[in-house]
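Everything below concerns the one structure shown next.
Residue numbers (my numbering): 51 to 161.
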């Protein structure tokens with residue numbers, strides 16, 4: 051089931067795949083901190099971690115089709131991810147952020 055929140059998050063995330071936003075990162079605001087990363091390719095191309103996570107997400111989608119997910123169910127898969135928090139920065143290869151954990155989203159570069 052689509053919600054305004056899920057639609058906005060998906061549109062912002064997908065915007066990074068087209069001009070003029072392709073050099074931008076997805077920036078998610080969460081209770082933990084700010085998560086910065088690139089929208090991971092659906093085919094798992096990239097790092098071995100991305101391929102493994104994509105395979106797991108494909109299986110999860112078979113068991114729970116995304117068009118049947120309610121309200122804030124769903125996720126965003128980011129690669130080259132960093133979490134900026136009060137204690138500093140944590141660098142991650144990949145992260146799956148669940149929709150219900152996202153407070154806000156924007157695009158840009160936090161270097």
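Think of the CB as a built atom: it goes at the ideal place given N, C-alpha and C, for glycine as much as any other residue.
Check                                                                                                                  : Outcome
Would you mind sorting residue 58 into buried or exposed? The rule is 16 or more other CB atoms within 10 Å of its CB. : exposed
Please classify residue 113: does DSSP put it in a helix, a strand, or coil?                                           : helix
Buried or exposed: residue 126, going by 16 or more other Cβ atoms within 10 Å of its Cβ?                              : buried
So, with DSSP's three-state summary, where would you put residue 62?                                                   : helix
Should residue 76 and residue 89 be called a contact, given that it needs their Cβ atoms to be closer than 7 Å?        : yes
Find out if the Cβ-Cβ distance for the pair residue 133, residue 79 is shorter than 7 Å.                               : no
Based on Cα-Cα distance, which residue from 86, 146, 85, 131 lies nearest to residue 110?                              : 146
May I ask you to report which of helix, strand or coil DSSP gives residue 192?                                         : Outside the shown range of the chain, which is 51 to 161, sits residue 192, and nothing can be said about it.
List the residues that DSSP assigns as beta-bridge partners of residue 128.                                            : 89, 145
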